[in-house]
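Student: So that we are looking at the same thing, I have put the structure below in structure tokens.
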Amino acid sequence: MGSDKFLNFLVVLSGLLSCEAKRPNIVFIIADDLGWNDVSFHGSNQILTPNIDSLAYSGVSLGRYYSHAICTPSRAALLTGKYSHVVGMQGYPLVMSEDRGIPTCVTVLPEYLKKAGYSTNLVGKWHVGSSREEYLPTSRGFDSHFGHRSGYMDYYEYTYEETWSIGKVSGMTLFRNLTAAWDVKGYITDVYTEQATTIIKNHDTSTPLFLLVAHVAPHSGNEGSMLQAPPDLVRQLRYVESPERRIFAAMVKKLDDSVGDIVQALHNKNMLEDTIIVFVSDNGGMTTGVYNNYASNYPLRGIKMSPFEGGIRVTGLLWAANLNNTSHYWDGYMHVADWLPTLLSAANVPIPKDIDGIDHWKNINSDSASERTTMYEIDDYAGYASIIYGDYKLITGNVTKSFATYQGGNLTGIIGDSPPYGNALVESTVYNVLKSHDLTFDTKYECLRKKTTIKCDKPSAPICFPDKDTVCLYNIKEDPCETTELSAKHPDLVCEMSSLLRAEAARRMPRVKPTFRNPLSAPSRFNYTWDVWI
């Protein structure tokens, strides 16, 4: 081969390798305690979420997306690709005075992506270990972290509070990498949005970006001020009948605005068409009880901290400019643990074999059946377990009854008329960004909206609560609201599912209940911050 031909060959080969190495950017947005009925693409006209909806209508709405019932377990599963009970992160949410985290021997999503050449950034909530420096995001594959390490915080003061035997103990929980972010001010949803958009603006596009935006919204704050939103925005939503729900609606409005601003930032940086966007909730809404935020999972049964559909069947969508799913809807089972292999597959990164997650990238793209047929929810802290097996769900153990009823239907009241939904869509930031890329949707979105809207008859008999002597079996495909208990009709199925559940429970890393709040973690020891204490 002559020298000129050889040089031309090298140029062509270099181009092919460069093209092959190009990986999509990934922006993953998590809402905290957002209920099934709190986004308008699920059918509600009370709380309008036009930016989120526009992504769902032009991307793929995930009709049967499941998470764990609680925030720490769901985030652990997302990051590891494993059920939370396999890595000891199941059960009651992690508290800051507890020495626990995702085991450091387990590789997490940002570590896989960083090894593949990604810039990895976390904005917002961590909540999977902060007692030791080796548990922190910057020790687990993230190049940077700006956000809170705790489960929630005050939206303006960024404080987190625990109740100890000595009374209330509080401290600052907002950090910039390893340093408390005392200089920050503003409403935290806006603060996180500004941080996320700045990362996009300053990103070096010669490398792919992984940006995890884990909002605190719309989780409740500390006990003294559980719902917080800018007062002017709350007044704009006076058509929402419930005063508490009105504040919650303003919190969700801020969340939706954030999604719009992030998409706008991707457009401004010319990154949008090379980016995969995911939007999910970490678990169901907390309508009543501890940390209640007046979210609604209605008409699904149950709330956060329960294995019923309202606790684990949650909002989810996937967006990319070149998706082939023209129905914009996927009805297959997907679990939070599936994101790790699905995103690695989309990024052409090898998928580890020792995980519970399943790669759905091709199935979602082609609108083909899900390869997942079984899902587990095991909480050996609270003492319940459930298995989804085909069309059926079996629940065993003891559930907290107040978390396992039908709630939120009384929160949907509207005074007069809500703003026109169609107008909100076409005026939204995301719709207009998509329009500039010729990626908008048409009026067929109403068909999709009908697909994602769940309607159920009220139960005609007393509802089943599992306990040590009782199990509850439901056909969740035909009866998504879990109104009709079927164990007496299908004893063989109960036997088979119970056997599978016992086998899965044998894999768990037992959850040790903390017997006290460790005084070594006291914020007063660390300039009144919830800092590393071991």
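All the letters of the sequence shown, read from the start, carry residue numbers -21 to -1, 1 to 513 under mature numbering (1 follows the signal peptide of the UniProt record, and there is no 0). Note that beta-carbon positions come from the ideal geometry of N, C-alpha and C, so glycine has one too.
Distance, Cα to Cα, G281 vs L452?
Tutor: Approximately 15 Å between the Cα atoms of the pair.
Student: Using the Cα positions of V405 and T431, report the straight-line distance between them to the nearest angstrom.
Tutor: If I take the Cα positions, the gap works out to 20 Å.
Student: So if DSSP puts R43 in a beta bridge, which residue, or which two residues, is it bridged to?
Tutor: Paired residue(s): Y312.
Student: Checking the sheet assignment: what are the DSSP bridge partners for C451?
Tutor: Bridge partners of C451: I374.
Student: Check this for me: beta carbons of G146 and V409, under 7 Å apart or not?
Tutor: Not a contact, by the Cβ cut-off of 7 Å.
Student: Using the three-state DSSP reduction, which class does I340 fall into: helix, strand or coil?
Tutor: It is Trp, not Ile, that sits at residue 340 in the sequence shown. DSSP places W340 in helix when its eight states are reduced to three.
Student: Who are the Cβ neighbours of V(-10) in its own chain at under 7 Å, not counting the five residues just before and after it?
Tutor: A caution first: V(-10) carries a pLDDT of 40, below 50, which makes its placement in the model too unreliable to give a value.
Student: Where does A55 land, buried or exposed, given buried means 16+ other C-beta within 10 angstroms?
Tutor: Buried.
Student: Using 7 Å as the threshold, is the C-beta distance between L73 and T51 below it?
Tutor: Cβ distance < 7 Å, so L73 and T51 count as in contact.
Student: Suppose the cutoff is 7 Å on Cβ atoms and the five residues either side in sequence are ignored; what does the same chain contact list for G120 look like?
Tutor: Once the five neighbours on either side are set aside, the close Cβ partners of G120 are V87, P89, E90, K93, T99.
Student: Inspect the CB distances between the region 267 to 275 and the region 222 to 229 and report whether three or more fall short of 8 Å.
Tutor: Enough Cβ pairs lie closer than 8 Å, so yes.
Student: Throw me the rounded Cβ distance for the D169 and I9 pair, which I believe falls under 8 Å.
Tutor: That pair is no contact at about 17 Å.
Student: Only counting runs of 3 or more residues, tell me where the beta strand (DSSP E) segments fall wholly within the region 419 to 490, in order along the chain.
Tutor: Complete beta strand (DSSP E) runs here, min 3: 451 to 454.
Student: Roughly how many whole angstroms lie between the Cα atoms of S(-4) and M265?
Tutor: With a pLDDT of only 39 at S(-4), under 50, the local geometry of the prediction cannot be trusted, and no value is derived from it.
Student: In this structure, what does DSSP give as the bridge partners for F154?
Tutor: For F154, which the question treats as bridged, DSSP gives the partners G126, A159.
Student: Looking at the unbroken alpha helix (DSSP H) that takes in S118, where does it start and where does it end?
Tutor: Looking at the DSSP string, S118 is not in any alpha helix (DSSP H), and its letter there is neither H nor E.
Student: Could you pull out every residue in the same chain whose Cβ sits closer than 7 Å to the Cβ of S324, ignoring the five residues on either side in sequence?
Tutor: For S324, where only same-chain residues beyond five positions count, the Cβ hits under 7 Å are I330, D338, W340.
Student: Can you tell me which of the three DSSP states F287 falls into?
Tutor: In this structure, F287 counts as coil in the three-state DSSP scheme.
Student: If you reduce the DSSP assignment to three classes, tell me which class T176 lands in.
Tutor: T176 falls in the helix class under three-state DSSP.
Student: With distances taken Cα to Cα, identify the nearest neighbour of T422 among N402, G150, K437, I433.
Tutor: Measuring from the Cα of T422, the nearest candidate turns out to be N402.
Student: Roughly how many angstroms lie between the CA atoms of P197 and D471, to the nearest whole one?
Tutor: Going from the Cα of P197 to the Cα of D471 covers about 42 Å.
Student: R428 to W512, Cα distance in whole Å?
Tutor: Using only the alpha carbons, I get a separation of about 48 Å.
Student: Within 10 Å of its beta-carbon, does E425 have 16 or more other beta-carbons around it, so buried, or fewer, so exposed?
Tutor: Classification for E425: exposed.
Student: Let's test the definition: count the other Cβ atoms within 10 Å of the Cβ of S503 and tell me whether it reaches 16, buried, or not, exposed.
Tutor: Answer is exposed; the Cβ neighbour count stays below 16.
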